[in-house]
Amino acid sequence: MDQPDPTLRPDRRPEDKLGDADRALRPQVLSEFIGQQEARANLAVFIESARMREEAMDHVLFHGPPGLGKTTLAQIMARELGVNFKMTSGPVLARAGDLAAILTNLDARDVLFIDEIHRMNRIELQPFTLVGATTRLGLLTTPLRDRFGIPTRLQFYTTQELHEIVTRGARLLDIPTEDSGALEIAKRARGTPRIAGRLLRRVVDFAVVEGGGRISKELADSSLTRLGVDLLGLDGADRRYLRLIAENYQGGPVGVETLAAALSESRDAIEDVIEPYLLQQGLIQRTPRGRMLTQKSWHHLGMQAPKGPDQSELFGG
Ligand code: ADP
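Residue numbering for the sequence shown follows the numbering used here, starting at 1286 and increasing by one per position.
Put into structure tokens, the structure is as follows:
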């Protein structure tokens, strides 16, 4: 499996929005939300304060890779504030330009969520709570960014947090799951709850049809391997990226534009979706001259790093 498998990418897909399966797994209240402890603790204070003051909560900007819970947290905020939740996105507003219509339909203190907010650059802010979400903080104009009183960066989840998320999901889906089976899914979910949820649903399919309706470690492992998800949680697109740098550029450095062209991916997809997790895992490094593989990456690919002056400083000889 060498091609990117869209069901394993963290990007939102149509079934995420419409499917009951997704809604069933979405945490509804802050206390059910696992991980992001710092963001959660701060939000709890700001929500409580807004309620006590009976004022709109300040505007919030969530930034971080796709699938980490930006939309989920915005919905939880609205619920805990006891106000309506309205949702739109930067591209929709840029195309339809109907922001005025949306704004006049808001009640006082409502939460308006704008996904991909980096795709717009002006907005008039009234006494409601705007929650913006973006994978590209750098693309927001400074004047727009400065309007948000509460900027919040979401982090990749730890294996332990994802383990809890998968366990909770399996319970909601009513599928008997061994602890080690849930852990195996967690370890291979790329630090991302959305991916954990998708992998869990696929493993459930294998369990129901071939595993006697039960998720064991063995079943999780063989299902994930059949889905093309390796032991670090990398999928076909990740491995294609790493192998390109290894085989065609001797481990780098190589510029992102070159990689985008060679992989037929957009630069945005590479920088927002593929690279953040590879960086976090220490599989690549960003240098002024481009991307480079680390020793861990060569090891993971089962390949030898070429000997050379560039590598010696990185790998300690
Ligand atoms: P984003 O808006 O950052 O792309 P979402 O909020 O849409 O991500 O979350 C993606 C999926 O992951 C949703 O199905 C959501 O239920 C699930 N999810 C996100 N964060 C958590 C969490 N902390 N615990 C459990 N499930 C989560």
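Glycine included, each C-beta is placed from N, C-alpha and C at the ideal position.
DSSP assignment within the stretch 1307-1360 yields the following whole alpha helix (DSSP H) runs of 4 residues or more, N-terminal first: 1322-1338.
Judged by the Cβ position, R1479 qualifies as a neighbour of the ligand ADP at the 7 Å threshold, a heavy atom of the ligand being closer than this.
Residue state for S1465 is assigned as helix, using DSSP reduced to three classes. Annotation for S1501: E1463, S1465 and G1466 place their beta carbon closer than 8 Å to its own, counting only its chain and skipping 5 residues before and after. In the three-state reduction of the DSSP assignment, T1427 falls in the helix class, which pools H, G and I. As DSSP reads the structure, T1419 sits in a beta bridge with H1348. By the CB criterion at 8 Å, H1448 and L1468 fall inside the cutoff.
If you ignore the 5 residues before and after A1363, its C-beta comes within less than 6 Å of the C-beta of F1370 and V1396, all in its own chain and listed in chain order. Residue state for K1581 is assigned as helix, using DSSP reduced to three classes. Distances between the C-beta of G1354 and the heavy atoms of the ligand ADP include at least one below 7 Å. For G1518, the shortest C-beta to heavy atom distance toward the ligand ADP is 7 Å or greater. Distances taken from the Cβ of T1357 to the heavy atoms of the ligand ADP include one shorter than 7 Å. Here the distance from the Cβ of A1418 to the nearest heavy atom of the ligand ADP is below 7 Å. Per DSSP, the continuous beta strand (DSSP E) segment holding K1371 begins and ends at F1370 to S1374. Here the C-alpha atom of Q1570 lies approximately 31 Å from the C-alpha atom of P1376.
In the DSSP assignment, R1524 falls within the alpha helix (DSSP H) that extends over G1521 to Y1534.
For D1557 and V1489, the gap between their C-alpha atoms comes out near 29 Å.
With a beta-carbon spacing of about 6 Å, L1568 and T1579 fall inside the 8 Å limit used to define contacts. Of all C-beta pairs linking the stretch 1436-1455 to the stretch 1308-1328, three or more are shorter than 8 Å, placing the two stretches in contact.
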